[in-house]
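If you're matching positions, the sequence shown starts at 221 in our numbering and goes up one per residue.
See structure below.
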Amino acid sequence: MSFAGIIVNNEALAMDMVFTYKVPEGKSVVIGQRVKVSFGQGNKRIDGFVVRVSDAAPEGVKNLKEISSAYPEVYFDEAKVLFIEKMRKKYLATYLDIIKLIIPRGILNGMTYKTSERLYVVKDATEKYKDEKYMAILDLIKKNQGQFIKADMVKQGFSLSSVNTLIKHGFIAVMSENEYRYNIEEYEKYAPKVLNKEQIDALNEINGANGTFLLHGITGSGKTEIFLDLIRQNIEEGKDSIVLLPEISLTPQMIERFKGRFGRDITIFHSRLSDGERYDEWHRVKSGKVKIAIGARSALFLPFKNLKLVIIDEEHESTYKSDMNPKYNAKEVAEMMMEENGGRVVLASATPSVESFHRAETGDIKLVSLKERATKGTLPDMDIVDMRDELMSGNRSIFSRVLLKKMKTALENKEQIILFLNRRGFSTFVSCRSCGYVFKCENCDISMTFHRDGSLMCHQCGARKYLPKVCPSCSSKYIKQFGSGTEKVEEAIRKEFPEARVMRMDRDTTRLKNSYETMYNEFKNNECDILIGTQMISKGLDFKDVTLVGILAADLSLNLPDYRAPEKTFQLITQVAGRAGRGDKKGEVIIQSYSPTDKAILSAKNHDYLGFYKREIEMRRMLSNPPYSKFLYLVLTSEKEEVLTKNIHLLGDILRKHLAKYANIILLGPSPCIISKIKNNYRWQLLIKGNFDLDFAAEIKGLVYETLKSSQKDIKVNLDINPNSMM
Ligand code: ADP
Ligand code: ZN
Ligand code: ZN
């Protein structure tokens, strides 16, 4: 008699445990197998996954149910079970959350192979069938063995009954074959480049050891060429590789380079794939046919057998941290995996995250630098325009005079222009247009958020004050909420340059499938003069005719209510500026800002990463922000405002008491979230800040669920360690 430990497909938190079932007499199951079990009092039949198999029944348990049936496919092995357990603990997740990451999405909803019935000639026609119509059918199929299904033959003008007759008498065989739903296009060959000295040195350093590397190389320094070479070597040694990119960097250009170099044995694994396509790609990897995956963070969980290299490009991007359950960080997971497999992680960026650079500085990971552009090109010239001056001179438009003038010249010279407007996040900060003063919290050094009742609030600590009538710094009355949209910019541009061909790329204009590719190609083919866009155009675009980049409002990211605001600003300016002057012509960048002396903006202008980093890490240290601490962010939501506020204050009191025994861990809040209501759900937050470990987080999780047990019907809990945004 044997017994199986099973994780069931039930989202309820109370069901997040291993259930034991009997394996039916004479049958067997293995770890990773999908099974059907009857569950609960109603004996509902649901799916489950085997995570343990043993000969002994667990002690004290009687009347175990039997597994109802088993599917043939096995999705993971014993080592992966350990991985599942580790991930569950680290990211305060459930077993099921983690299993869903590593199985093909969709199988729990019945997704399976798409098969088609393909025709093969297996016997030549005998005398009796040597008539014209039969011969023609056999002839065509024989020339195209396995290419046609019955419907194709009908399309060719043959009668279905003739085809069926030939099948019936054994001349044609019908084979059911798996079909791959992913369109495998051929790409033009992309020949290897002769690497320069800097690139070769970098390669050698990375090849010299296992572990984690930070590849810091300015935009256009040839990092991607290094990736390609690392992968080539890996393949030659029979090993698998994964390249993670932010979704928006997975441009046709990028795909061309990888497919053009390595051919079709690559999977491009991004979020626009259908469940069917994902299913097929997952199996192509499992079968060993594919040695390379390129994709967004979920590609990390593809079932490679011999994964030894994970490259994480644009490692500073927040997309590597998931906002949804399980709230994992792909950088951490990649390191965990490569430590286990004895492989390498390469974190690459022109603007490394402060956390990663700090790790390199302290020797935790190895730093590899590229300081020159790979082509002869130089970095663009950058200028900052003081928008306060513009206002004083009577210019109230979105564009400064100098930007307009440069645009005019570029258009005359038939060069292309990119205008960038940061619209991510939530811009509700208030500033003075005369002097640039921004209302900030005195405790937290982040911008305060404006509320309709006329108050300003810090959503980190809950501090509040009233918005004065005049600027506390210069007494101007011109204090206003900040913000402007890409549509407005487009309108204004069409007014200024009615002749110019203008294109707007943002979440609204790229919603349809392929609209991104279409716009991308139009711009590439010079069918457009001015590209206006958001984050979407900040990276991965390599167009040689772009000579002018305008950053319309650097202040938008600078005043995000987040301690990472200066870092985000530095990164954005550098990335966007990197789009200019990639061809023979020198690039130019105009940065418009109301705070032109801000240090993050100045460092970006001067291409001075180290200067930026040194100041920023000092700020982090002084304010005990990451990497010197962690945040445990707790959001409660409910349709019932009173139940919510009562409970979050109760929870706040309990946590505060609990935290008293920890010297360096503090509790901030409760306070309403910046986005205080979504779809009729009120939202409040608590923030724990300090240098805590996983056990501490697990303890808090337990305490939170215990405290809210009686109101769990009304309140939803969301826990996240070092979240991307706290809004
Ligand atoms: P990054 O990824 O650092 O932005 P890329 O790898 O995209 O840089 O390289 C920038 C440009 O320089 C690309 O057009 C690339 O083809 C070219 N390039 C890179 N390395 C070399 C080299 N060794 N010789 C010639 N051109 C190169
Ligand atoms: Zn002022
Ligand atoms: Zn505050």
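For each residue, glycine too, the CB sits at the ideal point set by N, CA and C.
beta-carbon residue i near ligand 1 non-hydrogen atom, thresh 6 angstroms
| i | result |
| --- | --- |
| Asn-416 | yes |
| Ser-441 | yes |
| Ala-594 | yes |
| Thr-598 | no |
| Glu-534 | no |
| Thr-539 | no |
| Glu-408 | no |
| Thr-571 | no |
| Lys-987 | Not covered by the structure: residue 987. The range shown for the chain is 221 to 947. |
| Glu-445 | yes |
| Lys-591 | no |
| Gly-801 | no |
| Lys-586 | no |
| Gly-437 | yes |
| Lys-413 | yes |
beta-carbon residue i near ligand 2 non-hydrogen atom, thresh 6 angstroms
| i | result |
| --- | --- |
| Ser-693 | yes |
| Ser-696 | yes |
| Ser-813 | no |
| Cys-655 | yes |
| Cys-893 | no |
| Cys-748 | no |
Residues bridged to residue i [DSSP beta-bridge criterion]
| i | result |
| --- | --- |
| Ala-393 | Tyr-340 |
| Ile-941 | Leu-852 |
| Lys-242 | Phe-223, Glu-286 |
| Ile-512 | Ser-461, Ile-486 |
| Gln-253 | Val-294 |
| Gly-268 | Val-228, Val-255 |
| Ile-604 | Ile-811 |
| Met-723 | Leu-751 |
| Val-273 | Ala-224 |
| Leu-587 | Leu-434 |
| Lys-936 | Thr-857 |
| Leu-380 | For Leu-380, which the question treats as bridged, DSSP gives no partner whatsoever. |
| Leu-216 | Here the chain covers residues 221 to 947 and nothing more, so residue 216 does not appear. |
Residue-chain proximity (residue i, chain B), Cβ-Cβ < 7 angstroms
| i | result |
| --- | --- |
| His-869 | Included in the structure is just one protein chain, with no chain B present. |
For review: beta carbons within less than 5 angstroms of any heavy atom in ligand 3: Checking every Cβ against the heavy atoms of ligand 3 under 5 angstroms gives Cys-661, Asn-663, Cys-664, Cys-678, Gln-680, Cys-681, Ala-683.
Whole alpha helix (DSSP H) elements within the region 531–575, 4-residue minimum: Entirely contained in the region 531–575, the alpha helix (DSSP H) runs reaching 4 residues are, in chain order, 550–561.
Whole alpha helix (DSSP H) elements within the region 766–834, 4-residue minimum: Here the runs fully enclosed are 775–778, 785–797, 819–825.
At least three beta-carbon pairs within less than 8 angstroms, the region 360–373 to the region 281–300: Not touching, per the Cβ criterion.
Inter-stretch contact at 8 angstroms, needing at least 3 Cβ pairs: the region 762–782 / the region 628–637: The region 762–782, when compared against the region 628–637, does touch it at the 8 angstroms Cβ threshold.
Inter-stretch contact (C-beta, 8 angstroms, three-pair minimum) for the region 428–443 and the region 609–621: The region 428–443, when compared against the region 609–621, does not touch it at the 8 angstroms Cβ threshold.
Ordered list of alpha helix (DSSP H) runs contained in the region 834–922, each at least 4 residues: With a minimum length of 4 residues, the continuous alpha helix (DSSP H) runs that stay inside the region 834–922 are 861–879.
Segments of 4+ residues assigned as alpha helix (DSSP H) that fall wholly inside the region 618–700: Qualifying alpha helix (DSSP H) stretches, in chain order: 621–632.
Runs of alpha helix (DSSP H) wholly within the region 416–457 (minimum 4 residues, chain order): Counting only runs of at least 4 residues, the region 416–457 fully encloses the following alpha helix (DSSP H) elements, listed from N- to C-terminal order: 417–427, 443–456.
Inter-stretch contact at 8 angstroms, needing at least 3 Cβ pairs: the region 744–753 / the region 718–727: These segments touch.
Entirely enclosed alpha helix (DSSP H) segments - the region 728–759, minimum 4 residues: At a cut-off of 4 residues, the continuous stretches assigned as alpha helix (DSSP H) that sit fully inside the region 728–759 are 735–744.
Sufficient close CB pairs (3 or more, under 8 angstroms) joining the region 936–946 to the region 534–550: Yes, since at least three Cβ pairs between the region 936–946 and the region 534–550 fall closer than 8 angstroms, the two stretches touch.
Contact between the region 868–876 and the region 918–926 (3+ Cβ pairs under 8 angstroms): Segments in contact, yes.
Contact the region 798–806 vs the region 836–846: 3+ CB pairs below 8 angstroms: Result no; under three Cβ-Cβ pairs closer than 8 angstroms.
At least three beta-carbon pairs within less than 8 angstroms, the region 470–482 to the region 444–451: They touch, by the three-pair rule.
At least three beta-carbon pairs within less than 8 angstroms, the region 729–742 to the region 610–628: The region 729–742 makes no contact with the region 610–628, as fewer than three CB pairs between them are under 8 angstroms.
Cβ pair count under 8 angstroms reaching 3, the region 842–854 against the region 564–579: With a cut-off of 8 angstroms, the region 564–579 and the region 842–854 count as touching, because enough Cβ pairs lie within range.
Three-pair Cβ contact test at 8 angstroms for the region 505–519 versus the region 458–467: Counting Cβ pairs under 8 angstroms, three or more are found: they touch.
The region 432–445 / the region 583–592 touching (three or more Cβ pairs under 8 angstroms): Between the region 432–445 and the region 583–592 there are three or more C-beta pairs closer than 8 angstroms, enough to call the two in contact.
Meets three-Cβ-pair contact criterion under 8 angstroms: the region 857–874 and the region 928–937: Short answer: they touch.
Touch test, the region 818–832 against the region 777–794, Cβ-Cβ under 8 angstroms, three pairs minimum: Three or more Cβ pairs closer than 8 angstroms define a contact, and the region 818–832 meets that threshold against the region 777–794.
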